[in-house]
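K.L.:
First, the structure itself, so that you have it in front of you.
In the working numbering, the protein residues as written are 2 to 180.
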């Protein structure tokens, strides 16, 4: 819930910047100077929603239960974790973290593949290939693309029935991590 709040708060901040005419650019001061970071672009997110919907199926995130398309609830919390990791850290570290399953109940590499599917308009790569591609790109541009793709993916998840978490102990936590 806290991570979802952080991502939601960042969206509100960006909206207020946009209303004030500051365009989609935020400035964050770091020890080594000032770095320009772009945020979510609502038009891009809107245009990517149908691709995101398809990515959920093509990347194996959805499943059929009694004739209804469903996804595990943990995917929603993991996509929020990705957004927070990018916002609070770096795109490279977030992609590297999501390249491995770890202890997460949700299949994080599938989420990474779905985000790249959205960015590339239909291409599926392995997590290693995605990381290699990422390293060859302008980092602020890729960061913005992944933020837009993660928001589009989370919104597209609303078209699927959410299934309860597989591990009942974690259902109360809502963190998508297994013990």
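Note that CB positions come from ideal geometry on N, CA and C, so glycine has one too.
1. By Cβ distance, which residues of its chain are closer than 8 Å to residue 101, with the 5 residues on each side in sequence left out?
2. Thinking C-alpha only, which one of 107, 83 and 93 is nearest residue 60?
3. Assign residue 166 to one of three DSSP states: helix, strand, or coil.
4. Find out if the Cβ-Cβ distance for the pair residue 63, residue 72 is shorter than 8 Å.
5. Which residue or residues does DSSP assign as beta-bridge partners of residue 79?
6. How many angstroms separate the CA atom of residue 45 from the CA atom of residue 155?
7. I'd like the span of the alpha helix (DSSP H) that includes residue 120, first residue to last.
8. Where DSSP assigns a beta bridge to residue 145, which residues make up the other side?
9. Would you report the Cα separation of residue 90 and residue 75, rounded to the nearest angstrom?
10. What first and last residue would you give for the alpha helix (DSSP H) that runs through residue 69?
11. Closest to residue 164 by CA distance: which of 50, 66, 49 and 52 is it?
12. Got a sec? Which residues, its chain only, sit under 7 Å from residue 47 by beta carbon, not counting five neighbours each side?
13. Since I believe residue 149 is in contact with residue 42 (beta carbons under 8 Å), could you give me their beta-carbon distance rounded to a whole number of angstroms?
P.N.:
Quick answer:
1. 109, 110 and 128
2. 107
3. coil
4. yes
5. Its beta-bridge partners do not exist; DSSP assigns none.
6. 14 Å
7. 109-121
8. Looking at the DSSP assignment, residue 145 forms no beta bridge with any residue, so it has no partner.
9. 22 Å
10. Where residue 69 is concerned, there is no enclosing alpha helix (DSSP H), although the beta strand (DSSP E) it sits in stretches over 69-73.
11. 66
12. none
13. 6 Å
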